[in-house]
Structure formats: C-alpha cells, structure tokens
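Trainee:
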Amino acid sequence: MFAHFAWPAVRKTLRVAIALLTAVVLSAALLPPQHLAGAEPAKSENASTVVLEPRLTDEELSAGWISLFDGVTDYGWRAASKADWKVADGVISVTSGEQGLLHTTSQWADYVLKVDFRSTNNTNSGIFLRTPAVPTDPTKDCYELNIADATISKFPTGSLVGRTRADDVPFNADWQTYEVTVEGGHFQVLLNGKPVCDYTDEHPLTRGFIGLQYNAGKCEFRNIRIKPLGMRPLFNKKDLSGWKEFPNLPSKFTVTDHGEISLKNGKGQLETEARFADFVFQMEVISRGKHLNSGVFFRSIPGEYQNGYECQIQNGFKNEDRNQPEDCGTGGIYRRQNARRVMSDDFAWFGMTINATGNHMAAWVRGVQVSDFTDTRAPHDNPRSGLRTAAGTIILQGHDPTTDFLFRNLRAGEFPAAIAPRKE
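Here the sequence shown is numbered in our numbering, starting from 1 and rising by one per residue.
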C-alpha cells in the first residue's frame, strides 16, 4: 500500500533529477574550451553566445592575413602566469599580477605581424617573437620587442631587448601600431609606419609562439593579425602538375579557364606530391551547392586513401545558429574537434588557413580561428591510431556524388626545424 502511493512521487522526483542532470550536462557542453591551463583565464564572453565576424578586409584576406585575436574571446591564447588578462570591447588588457606572457597556442616561423598597443608612462611590457611559453633570456630563447618609455628601460619602445636599441622614440599615450617582419634571421620593425629597428641575428631561433607580456604597468592590445611568409604555390593554375589523383574512383578533378581546381563527384582524392610535417597551408574555396561536404587532409600517409588529419569543409549549421555546426563544421578537425562557429557560406569564396606544429593543429576560416586542437594520443605512424607528426601529403577530398567545389590560391610553407636556444 505504501509503495503504491509513493511510486508517483518517486517517479516525479526522478524526472526532476534527470532534468537537472541534463541541464548541468548541457551547460557544461556550452562552456568555452579552457585555453589558459595552469593560470587564471582571461575574462571573455561565453563561446555559446558569442558572435564572431571577420576583422579583415577582403583584400587582406586574399593576401593571406588572418586574425590572431577575434576581438571578443581569448580563443587561441594561453596565459603562462597569473595576471589579470581581460578581453572587452575588442581589446586585450592587463594591469597587474605575475610577470609573464599571454601567448598564442600556435607557433609561427616567418611572418608579418601587426599589433595595435597602448600603454601608460610607467608601463614595461613587450611583444615576444619566436618565444617559448616561459622565456628566460631575451638574448637567447626569444626576441622581445619592447614597450617602455626611455625613463623605464634602456631598451625603449621599438627596441629588441638585449639585442638592439631604438633611438628617438618619445613616449606616446595614444594607440600605436607595430608592424614587424620576421624572416629568417632578419627583423624589421615599423612603429606607426616609421622604421625604428632593423636587426639581423646570424644564428636565429627558427619558430615559436607570439606573446604579449605583463611586466609592470597597464598595457592594452588590439587588432592582432599575421600574414605567414615563405609560402610557395602548390598549384600552377594550368594543370595538375605536382598532384596525384587516386585511381579508379569517381571524383573528377579538372582545371578551369580561370585557373581553379574543379572538384566534382566522389568519392576520390587529389594528393600533393610534396610532403609537409610542421607547416602553414592556405587556400580559397567555394562550395557550389547547399551544405556540400569536402575537406583538406594533412600529414596524410602518402598513397593511402584519405588517411590523415582532416580539416572539414561543410558550411551547414543547426537551428539557424552558426555556433552549432553540422557534421563538424568548416575548419573543424574532423572527429576530433568541431568548429566553434561556421564562418563561411555556400556559393561564396572564402579563405582557409591551417597551422600544424607538433601535436597542435588550428584552422582559420575567413581570417577567424575556429579550431584549436591538441592531439594528446601516443605517437603513431597512422593518424587514425595515434599522434602523427611525420611529414605527409595534403589531400583535397571528393566526398560523394553531390560534391562540387572550386579551389584556388593553394600555397604552403614548411617550418624549419626547431633549434635549441643558445647557452653562451
């Protein structure tokens, strides 16, 4: 009798408990990924509600520029110490805390970097180039482009600390712009369009993160963008020299009169003869149908069918919400990390950039970073079974009979081998 009367109440209690548990799980799924492991996170908007838009012009995007800072979140950055890094109103700011860097999660080798910054007269900060997460000596394991008044540091704004000093750079409390060209051992710096530094390192560091420093005083940063250098064309716009088509499959690869690679039908693949391990790849692509599926495979095992990491191309999204990609979403690392937002549209050209170094991989679509993946699996020659860091081919995927894409301006640059910092 007791059980008979108690059972409806029990069932109601169970329904409430299940609903609460579901809400907790869904809330956890909507939280932004943690990029600041081991440190206090920068304060930024929840990834489930953020609206991202390209911050570069069409001309800049076509030239290969991408944004390292999306203006609203800390995505693609990691703090190496506990400082009060904040993101608000299109600005990254810091005022206090432990000395150290907020650095990119991706490494870079040769590039042009543009950064707007603003500082106070007691600020001692900097932009670190080819740096480890925790540098120890700017003359040995990184390059520190300083932000400091001459009364604060003997290496004032425009200087590479411990390497070369910029002269006649007065303090400026307004927003200023650095443009830094890093190519091999050659470093050229423009400050507000004027040359302030030209330095050559005969034994240069070859790659590393880009870091924003907190040392002392308030500093703000915005409009952080990069253009990779050392890129070589993978397609001559005339024929498919340098590429191999997988035999006996229905995909059709041709070259258009406008110098584009046309991909129709599927399954199939077009594979580079060249191989890349740590690299940057860029291209422009257009989907000529609704929610069509393709992808770019990289570090692929040469000659095998679609056996590599895949950067997805699929512009569909659910519930009229670009933060809910269909089938991983364009720029996602397929079966490993969904794109955080669908930035591209069908029937319109868009640019894609892939950066892979070691176990870290990231992709940008229309200049906005949409994936930030670290493969924590044990090393393995086969990327289906574990972490593959060996050089492999780049593949354009023919997915199914509806496939209809055009590709153009395909180019890639392989990073030089990392070298240990000097000890002397």
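Beta carbons are placed, not taken as given, at the ideal position from N, Cα and C, and that holds for glycine.
Which of the three DSSP states, helix, strand or coil, is assigned to LEU61?
Mentor: Indexing the sequence shown from 1 puts residue 61 at position 61. Helix.
Trainee: Please report how far the alpha carbon of GLY308 lies from the alpha carbon of LYS194, in whole angstroms.
Mentor: By one-based count along the sequence shown, residue 308 stands at place 308. By one-based count along the sequence shown, residue 194 stands at place 194. Going from the Cα of GLY308 to the Cα of LYS194 covers about 45 angstroms.
Trainee: Could you compute how far the alpha carbon of LEU191 sits from the alpha carbon of PHE276?
Mentor: In the sequence shown, residue 191 corresponds to position 191, counting from 1. In the sequence shown, residue 276 corresponds to position 276, counting from 1. Separation of LEU191 and PHE276 (C-alpha to C-alpha, rounded to the nearest whole angstrom) is 35 angstroms.
Trainee: So, under 8 angstroms CB-CB, CYS328 and GLN312 are touching, yes? Tell me the CB distance rounded to an integer number of Å.
Mentor: Locating residue 328 in the sequence shown gives position 328, where the first residue counts as 1. Locating residue 312 in the sequence shown gives position 312, where the first residue counts as 1. Yes, they are in contact, since the Cβ atoms of CYS328 and GLN312 sit about 4 angstroms apart, within 8 angstroms.
Trainee: Taking the alpha-carbon positions, what's the THR131 to ILE419 distance?
Mentor: Here residue 131 refers to the residue found at position 131 when the sequence shown is read from its first residue. Here residue 419 refers to the residue found at position 419 when the sequence shown is read from its first residue. The straight-line gap from Cα to Cα measures roughly 12 angstroms.
Trainee: Could you tell me the distance, in whole angstroms, from the CA atom of ARG55 to the CA atom of LEU270?
Mentor: For the purposes of this step, residue 55 is identified with residue 55 of the sequence shown, where counting begins at 1. For the purposes of this step, residue 270 is identified with residue 270 of the sequence shown, where counting begins at 1. Straight through space, the alpha carbons of LEU270 and ARG55 are spaced by roughly 32 angstroms.
Trainee: Return the CA-CA distance between PRO416 and VAL280, expressed in angstroms with no decimal places.
Mentor: Position 416 of the sequence shown holds residue 416. Position 280 of the sequence shown holds residue 280. About 12 angstroms.
Trainee: Using the Cβ count rule (16 or more neighbours within 10 Å means buried), how would you classify ARG340?
Mentor: Here residue 340 corresponds to residue number 340 of the sequence shown, with the count starting at 1. Per the 10 Å Cβ criterion, buried.
Trainee: Who are the Cβ neighbours of PRO325 in its own chain at under 6 angstroms, not counting the five residues just before and after it?
Mentor: Locating residue 325 in the sequence shown gives position 325, counting from the first residue. Within the same chain, PRO325 has close Cβ partners PHE317, ASN338, ALA339, VAL342.
Trainee: Within 10 Å of its beta-carbon, does ALA378 have 16 or more other beta-carbons around it, so buried, or fewer, so exposed?
Mentor: Here the question's residue 378 lines up with position 378 in the sequence shown. Looking at its Cβ environment, which holds fewer than 16 other Cβ atoms inside 10 Å, ALA378 is exposed.
Trainee: Taking 8 angstroms as the threshold (beta carbon to beta carbon), is PRO416 in contact with chain C?
Mentor: In the displayed structure, chain C is absent; only one protein chain is listed.
Trainee: In whole angstroms, what is the alpha-carbon distance linking THR427 and GLY184?
Mentor: Any property of residue 427 remains undetermined from this structure, which presents the chain solely from 1 to 424.
Trainee: Take every Cβ of the stretch 348-355, pair it with every Cβ of the stretch 373-391, and state whether three or more of those distances are shorter than 8 angstroms.
Mentor: Taking 8 angstroms as the limit for Cβ pairs, the verdict is that the stretch 373-391 does not touch the stretch 348-355.
Trainee: Looking only at its chain, what residues have a beta carbon closer than 7 angstroms to the beta carbon of THR104, apart from the 5 residues adjacent to it on each side?
Mentor: Walking along the sequence shown from the start, residue 104 turns up at place 104. The answer, listed in chain order, is LEU68, GLY76, TRP77, PHE209, ILE210.
Trainee: With three or more C-beta pairs closer than 8 angstroms as the rule, is the stretch 126-146 touching the stretch 238-247?
Mentor: no
Trainee: Measure the alpha-carbon distance for ALA88 versus VAL72 and round it to whole angstroms.
Mentor: Position 88 of the sequence shown holds residue 88. Position 72 of the sequence shown holds residue 72. Whole-angstrom Cα-Cα distance: 6 angstroms.
Trainee: So, with DSSP's three-state summary, where would you put PHE2?
Mentor: Indexing the sequence shown from 1 puts residue 2 at position 2. Residue confidence for PHE2 is low, a pLDDT of 31 falling below 50, so the modelled location carries little weight and cannot support an answer.
Trainee: Starting from the C-beta of ASN121, find all residues in its chain whose C-beta is less than 6 angstroms away, skip the five residues before and the five after it, and write them out in chain order.
Mentor: Start at 1 with the first residue of the sequence shown, and residue 121 comes out as number 121. These residues qualify, in order along the chain: ASP149, PHE171.
Trainee: Out of curiosity, what's the CA-to-CA distance linking ALA166 and CYS197?
Mentor: Position 166 of the sequence shown, counted from the first residue, corresponds to residue 166. Position 197 of the sequence shown, counted from the first residue, corresponds to residue 197. Distance between the alpha carbons of ALA166 and CYS197 is about 6 angstroms.
Trainee: In terms of residues, what are the limits of the beta strand (DSSP E) holding THR357?
Mentor: Stepping through the sequence shown from its first residue, residue 357 is reached at position 357. It spans 350-357 - the beta strand (DSSP E) in which THR357 sits, taken as one unbroken run.
Trainee: Would you list, in sequence order, the uninterrupted beta strand (DSSP E) runs of no fewer than 3 residues that lie entirely inside the stretch 241-290?
Mentor: 243-245, 252-255, 261-264, 268-272, 279-287
Trainee: Give me the DSSP bridge partner(s) of ALA79.
Mentor: Locating residue 79 in the sequence shown gives position 79, counting from the first residue. For ALA79, which the question treats as bridged, DSSP gives the partners LEU102.
Trainee: Within 10 Å of its beta-carbon, does THR22 have 16 or more other beta-carbons around it, so buried, or fewer, so exposed?
Mentor: In the sequence shown, the residue the question calls residue 22 occupies position 22. The predicted model places THR22 with a pLDDT of 40, which falls under 50 and marks its position as unreliable, so this point remains unresolved.
Trainee: Quick one: what's CYS328 bridged to in DSSP?
Mentor: On the sequence shown, residue 328 is found 328 positions in, with the first residue counted as 1. Paired residue(s): none; CYS328 is not in a bridge.
Trainee: Would you be able to state if there are at least three C-beta pairs under 8 angstroms between the stretch 215-235 and the stretch 100-116?
Mentor: yes
Trainee: Taking CYS197 as part of the beta strand (DSSP E), name the residues at either end of that continuous run.
Mentor: Taking the first residue of the sequence shown as 1, we reach residue 197 at position 197. Element bounds for CYS197: 194-200.
Trainee: Taking buried to mean at least 16 other C-beta atoms within 10 Å of its own C-beta, is GLN99 buried or exposed?
Mentor: Against the sequence shown, residue 99 aligns to sequence position 99. When all chains shown are included, GLN99 counts as exposed.
Trainee: Which parts of the stretch 120-149 are runs of the beta strand (DSSP E), unbroken and 3 residues or longer, counting only runs that do not cross its ends?
Mentor: Entirely contained in the stretch 120-149, the beta strand (DSSP E) runs reaching 3 residues are, in chain order, 124-131, 143-148.
Trainee: Candidates ALA83, PHE235, ALA274: which alpha carbon is nearest MET283's?
Mentor: Counted from its first residue, the sequence shown places residue 283 at position 283. It is PHE235.
Trainee: Where does SER294 fall in DSSP's three states?
Mentor: Indexing the sequence shown from 1 puts residue 294 at position 294. Residue state, collapsed to three classes: strand.
Trainee: For HIS186, does the three-state DSSP call read helix, strand or coil?
Mentor: Position 186 of the sequence shown, counted from the start, is the residue given in the question as residue 186. Reduced to three states, the DSSP call for HIS186 is strand.
Trainee: If you run the structure through DSSP and keep just helix, strand and coil, what is PRO233?
Mentor: As a position in the sequence shown, residue 233 is number 233, starting the count at 1. Strand at PRO233.
Trainee: Residues in its own chain within less than 7 angstroms of SER344 by CB, not counting five upstream and five downstream?
Mentor: What you label residue 344 is simply residue 344 of the sequence shown in a count that begins at 1. Hits under 7 angstroms: ASN315, THR330, PHE350, VAL365, ARG366.
Trainee: Am I right that THR256 and LEU406 are in contact with their C-beta atoms under 8 angstroms? What's the rounded C-beta distance?
Mentor: Against the sequence shown, residue 256 aligns to sequence position 256. Against the sequence shown, residue 406 aligns to sequence position 406. That belief holds up - the Cβ atoms of THR256 and LEU406 are roughly 7 angstroms apart, short of 8 angstroms.
Trainee: Using a Cβ-Cβ cutoff of less than 6 angstroms, which residues in the same chain neighbour GLN188 once the five nearest sequence positions on both sides are dropped?
Mentor: The count along the sequence shown starts at 1 and reaches residue 188 at position 188. So the qualifying residues of the chain are THR181, ASP198.
Trainee: Check for me: the beta strand (DSSP E) holding PRO204 runs from which residue to which?
Mentor: On the sequence shown, residue 204 is found 204 positions in, with the first residue counted as 1. Taken as a continuous stretch (DSSP letters only), PRO204 belongs to no beta strand (DSSP E), as it is neither H nor E.
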